[in-house]
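Reading through the C-alpha cells given below for one structure.
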Amino acid sequence: MSFRLFDLNDPQRHAVTTTEGPLLILAGAGTGKTRVITFRIGYMLSQGIEAASILAVTFTNKAANEMRERLMAMLGKEKAGKVTMSTFHALCMRILRQDIEKLGYKKNFTIYDEGDQTGLLKKIITRTVAIGEKMEPNVAKSLISKAKNNGWNAPQEEKTLIGAIFARYQADLKQLNAVDFDDLLLLTVKLLAEHADVRQRWQKRFRYVMVDEFQDTNRLQLELVGYLAKRDDGTPPNVAVVGDDDQSIYGWRGAEVSNILEFETHFPNPTVVKLEQNYRSTNSILNTANTLIKNNPRRRPKQLWSGKGDGDKVRLVMAPNDHEEADFIAGEIAKRKAEGNLRYEDFAVLFRMNAQARSLEQAFQEKGVPYRIIGGKSFFDSREVKDVLSYFACTLNADNDAALLRIINTPPRGISEATVQKALELSIKEKCSLFQALQKEELHQGITPRAVTAIHEFMTQLDAWETKLNEPLVNQPEVLRKIIDESGYYDDLRRSCKNGDEALKRESNIRDLVGGFERYLEKSDGGLSGFLDAMALRQDKDDDDKEKGTGVTLITLHASKGLEFPHCYLVGLEEGVLPHDRSKLEGTLDEERRLLYVGITRAQQTLTMTYCYSRFRYGGSIPCTPSSFIKELDPDLIERIDLKKLMNTPVADTAVKSRFAAMRAALETGGGR
DNA sequence: CCCGCTGTGATTTTT
DNA sequence: TCACAGCGGG
Numbered sequence: 010m011s012f013r014l015f016d017l018n019d020p021q022r023h024a025v026t027t028t029e030g031p032l033l034i035l036a037g038a039g040t041g042k043t044r045v046i047t048f049r050i051g052y053m054l055s056q057g058i059e060a061a062s063i064l065a066v067t068f069t070n071k072a073a074n075e076m077r078e079r080l081m082a083m084l085g086k087e088k089a090g091k092v093t094m095s096t097f098h099a100l101c102m103r104i105l106r107q108d109i110e111k112l113g114y115k116k117n118f119t120i121y122d123e124g125d126q127t128g129l130l131k132k133i134i135t136r137t138v139a140i141g142e143k144m145e146p147n148v149a150k151s152l153i154s155k156a157k158n159n160g161w162n163a164p165q166e167e168k169t170l171i172g173a174i175f176a177r178y179q180a181d182l183k184q185l186n187a188v189d190f191d192d193l194l195l196l197t198v199k200l201l202a203e204h205a206d207v208r209q210r211w212q213k214r215f216r217y218v219m220v221d222e223f224q225d226t227n228r229l230q231l232e233l234v235g236y237l238a239k240r241d242d243g244t245p246p247n248v249a250v251v252g253d254d255d256q257s258i259y260g261w262r263g264a265e266v267s268n269i270l271e272f273e274t275h276f277p278n279p280t281v282v283k284l285e286q287n288y289r290s291t292n293s294i295l296n297t298a299n300t301l302i303k304n305n306p307r308r309r310p311k312q313l314w315s316g317k318g319d320g321d322k323v324r325l326v327m328a329p330n331d332h333e334e335a336d337f338i339a340g341e342i343a344k345r346k347a348e349g350n351l352r353y354e355d356f357a358v359l360f361r362m363n364a365q366a367r368s369l370e371q372a373f374q375e376k377g378v379p380y381r382i383i384g385g386k387s388f389f390d391s392r393e394v395k396d397v398l399s400y401f402a403c404t405l406n407a408d409n410d411a412a413l414l415r416i417i418n419t420p421p422r423g424i425s426e427a428t429v430q431k432a433l434e435l436s437i438k439e440k441c442s443l444f445q446a447l448q449k450e451e452l453h454q455g456i457t458p459r460a461v462t463a464i465h466e467f468m469t470q471l472d473a474w475e476t477k478l479n480e481p482l483v484n485q486p487e488v489l490r491k492i493i494d495e496s497g498y499y500d501d502l503r504r505s506c507k508n509g510d511e512a513l514k515r516e517s518n519i520r521d522l523v524g525g526f527e528r529y530l531e532k533s534d535g536g537l538s539g540f541l542d543a544m545a546l547r548q549d550k551d552d553d554d555k556e557k558g559t560g561v562t563l564i565t566l567h568a569s570k571g572l573e574f575p576h577c578y579l580v581g582l583e584e585g586v587l588p589h590d591r592s593k594l595e596g597t598l599d600e601e602r603r604l605l606y607v608g609i610t611r612a613q614q615t616l617t618m619t620y621c622y623s624r625f626r627y628g629g630s631i632p633c634t635p636s637s638f639i640k641e642l643d644p645d646l647i648e649r650i651d652l653k654k655l656m657n658t659p660v661a662d663t664a665v666k667s668r669f670a671a672m673r674a675a676l677e678t679g680g681g682r
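Everything in the first sequence is counted per the working numbering, starting at 10 for the first residue and increasing by one.
Here it is in C-alpha cells:
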C-alpha cells in the first residue's frame, strides 16, 4: 500500500485515522479534501476493514471517477475496485433496481429526465387547468421538485391546482413505470424507511459511509445517509462527512446548509476536524476570502492560511462598461501569457451569469485569444442524442411511453399529433402503455384507416428491431446503427438542419453515442439497459470535458467550484449582478457571498476582480454601483485600479507599471471601441 | 409542414 | 435588446 501518514498535516491525519463513529471533516477550499478521503479509505483497508463494506457518496460522476482513479493509483485496481464509489442518484438506482417492486413499481422502471418531466407536465396541465387558471410547466416542475426534496408525497386531496397537478403527475409516472430524479431519492428513502429487511441488508453491506460535499445535501439525502449509516441496534454510525459550509452555493436547488451546520443534532457526538491549511493560494488571496466570509452569520468559523507567502495583492479594476472590462481582460491575458511564459490554460474568467460570457467571448475573438466555455448545453440535451436514445429505449422496451412519444412521428411517418393524443387518452383510460393503446381496436375505430396502417407499420418495425436486437451473440451496437438508418432518421436530420455543418455535427453526435455504447459494453455487463441508465444519470460525460479543448477558461462561479487556476479574473462585481438582484428578493444574500468566496478561492497565484460603471442589460446600458461585498474586503489587501484614469495617464508614471507590466497590453490593444 | 409574427421574460443547474 | 416559445397563415 503506497501511502504515508506522515505526508499529511495534523488535522488531515486526525481525519484519516478516525474510522469509527460520526466524523465531520470541515474542509476549507483547497485544503486537500480529496487527498484526505482517499488516504482515509487506504488507512481503513490497512486496518483490516473490508473494501466492500466501504461506501463513498459524491454528487457528481466526475468527483466519483476522480476519487476512483486516485484510489486505484494508491491501492491498485483489485482493492480499490471493491470500494463502492457512487453518486447519490446512481446508488439509489442500484437500491431501487433490486427492491422497487415493494413500492409497486416494476423493476425495469425508466428514468425521466427534465425534458421528459416537462413534457409530461405540459400534458397534465392542459387536461387539469380550469378556465381562467394557468400554470407554467416549469413552475410546476420546480414546485413538485421542492416538495419531493422535502420528503412530501403527492397530496391525497386535490385542494389546490398545483396539488392536483402533483397528484396526477405522480400517478402518471407510476403508471408509466417511470421515476424522475427526485423520485430516485424519495423512493429509496421510502423503501428503506418502510422495509426493515431491505434497510438492514444495506446497513450490513455498508459498515462505513462517507459523503463528499456534504454542504450540498438536501433533506432527502441526509435522510438517506441516516438510513444507511445508522444501525437499528443503536450502535454509533460510522459516517464520515466532508464539506465546507462556506461553499454551500446550491441552496436554490434544495441543499440545506443546516445539514452541515447542525451535524451534531443529526449524528450525535461526532469527532470534528477542521482543515484550514490551504495548499492552493497565496495569503493575499486567502485573507481576502477570509475577511469576506466572516460577514456570514451562520457558519462554522474557519481561517484559511497557506505557506505560500503573500504573493501579489488582489487587484480591483474599475472599467467604464462591460465591453471595456472584457477588452481589458482579453488584452491583459494575451500580454501576461507572452511575457510570463504562461499558457492560456493558466487563466480563467469567472462570472455570475452566462449572459456575461457574451462580451467576453467577443473580446477574446477580436484579440485572437483562444477560450473555452465550460457549461452551456450538454451533449445529452441535443435533440438527436435524445431521439436516438429514445429509439434504443423503445427497441429495448416499447412500453416506455416517454421514449415512444419522442420518436413516434420522428421522422414523420403519418402518425399525427391528433392520433397520438387519442392513443394517449386511451392509455390513460385503460391504464396501459401507449404502445398497447396503439394496438387497441377501440383506437382504430376513431382514426383514419391511413393512420391505422401507419401505426401498424411502425409497430411491426419496432417488433422486428426488438427481435434483431435480442438474437443471441448479435453485435448490438451494429444492430442499433442499422435501426437508426432504417428508421430514416438520418434523412430527416439532414433535411431539418439549416446547413451541412449542423447536420454533420449532429450525425457525429449520434456516432459518438453508439461508440459510447461499444465502450460501455467492453467495461461493463449491464447491456443496453445498463447503458441507458448510465446515460440517464450522465455517467459517461468525461470525454465531454476533453472536447472542451484548450484556451482561457470562461466559467460561471457555480461551475467553478472544485476547480483551480493560477490566474483568475472575477468579473462583474456589481450590485445586482453579484449579489444578484433576485437574491435580495429571495433573502439569499449569504449564499451570494459564498459564491464570491468560492470564486476568490479558485485563484492560486493572482486574482483580479473587476466591476463596471455601466453594463448592457435588458437591452439598455444601465448604470452600475460596485457590489456591496467590496466594502467588506480589507482595503489593505487590495490594489485599486481605475481603467479610465489609467488610460489617461502616461504609463511610465504609474506605480502599477512595474508590477503589472502586462497592463500595457490592455492600453495598447484594448483602447476601447 | 414550415415560416414568420408576436409576446414575454431575462441566475445559478452536481443528477 | 434579444432569444425563444407558441401560434396562425401560407
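Cβ coordinates follow ideal geometry from the N, Cα and C atoms, glycine included. Small disclaimer: the values here were computed from a predicted structure and weren't measured.
Quick one: give me the first and last residue of the beta strand (DSSP E) that residue i is part of.
i: P575; result: 574 to 579
i: N330; result: 323 to 330
i: T457; result: Unbroken run through T457: none, as it is neither H nor E.
i: T119; result: 119 to 121
i: F223; result: Looking at the DSSP string, F223 is not in any beta strand (DSSP E), and its letter there is neither H nor E.
i: K283; result: 280 to 284
i: S95; result: 93 to 96
i: V561; result: 561 to 565
i: G252; result: 248 to 252
i: I63; result: 63 to 67
i: I647; result: 647 to 651
i: R381; result: 380 to 382
Residue i by DSSP, collapsed to three states: which one?
i: L616; result: strand
i: D108; result: helix
i: F356; result: strand
i: L676; result: Residue placement at L676 is flagged as unreliable, the pLDDT there being 45, under the threshold of 50; the coordinate-derived value follows with that caveat. Residue state, collapsed to three classes: helix.
i: T291; result: coil
i: Y114; result: coil
i: Y259; result: coil
i: D554; result: With a pLDDT of 49 at D554, under the threshold of 50, the predicted position of this residue should be treated as unreliable, and no value is reported.
i: N74; result: helix
i: T244; result: coil
i: G51; result: helix
i: A671; result: Confidence at A671 is low in this model, with a pLDDT of 46, below 50, so the placement of that residue is unreliable and no value is reported for it.
i: V586; result: strand
Residue j and residue i - do their beta-carbons sit closer together than 8 Å?
i: K322; j: E641; result: no
i: L452; j: A432; result: yes
i: L32; j: T280; result: yes
i: G266; j: V248; result: Inspection of the sequence shows that residue 266 is occupied by Val rather than by Gly. Result no, Cβ atoms of V266 and V248 do not sit closer than 8 Å.
i: M76; j: I63; result: no
i: P329; j: L652; result: yes
i: I456; j: T428; result: yes
i: D189; j: Q256; result: no
i: T96; j: L546; result: yes
The alpha helix (DSSP H) with residue i in it runs from where to where?
i: I437; result: 426 to 439
i: L541; result: 536 to 545
i: L522; result: 509 to 532
i: E393; result: 392 to 405
i: V488; result: 485 to 496
i: G7; result: Nothing about residue 7 can be read from this structure; the chain reaches only from 10 to 682.
i: R415; result: 410 to 416
The segment 228 to 245 contacting the segment 198 to 214, beta-carbon criterion three pairs below 8 Å:
Touching, yes.
List in chain order: all unbroken alpha helix (DSSP H) runs of 4+ residues lying wholly within the segment 591 to 643.
Runs found: 598 to 609, 637 to 641.
For the segment 142 to 208, list the beta strand (DSSP E) runs that are entirely contained and at least 3 residues long, ordered along the chain.
Listed in chain order, they are 187 to 189.
Should the segment 324 to 344 be regarded as contacting the segment 364 to 372, the criterion being three or more beta carbon pairs within less than 8 Å?
Short answer: they touch.
Stretch pair the segment 625 to 636 + the segment 281 to 294: three plus CB contacts closer than 8 Å:
Flag = no, the segment 625 to 636 and the segment 281 to 294 do not touch.
Could I get the ranges of all uninterrupted beta strand (DSSP E) runs contained in the segment 11 to 42, with 3 residues as the minimum, in chain order?
The segment 11 to 42 contains these whole beta strand (DSSP E) runs: 32 to 36.
For the 8 Å Cβ check, are there 3 or more pairs between the segment 393 to 412 and the segment 104 to 119?
Counting C-beta pairs closer than 8 Å gives three or more between the segment 393 to 412 and the segment 104 to 119, which meets the contact rule.
Any contact of the segment 388 to 399 with the segment 511 to 521, i.e. 3+ C-beta pairs under 8 Å?
Taking 8 Å as the limit for Cβ pairs, the verdict is that the segment 511 to 521 does touch the segment 388 to 399.
How do the segment 343 to 360 and the segment 558 to 570 stand: do at least 3 beta-carbon pairs fall below 8 Å, yes or no?
Counting Cβ pairs under 8 Å, three or more are found: they touch.
Decide yes or no for the touch test of the segment 128 to 138 against the segment 198 to 206: beta carbon pairs closer than 8 Å, at least 3 of them.
Between the segment 128 to 138 and the segment 198 to 206 there are fewer than three inter-stretch CB-CB distances shorter than 8 Å, so the stretches are not counted as touching.
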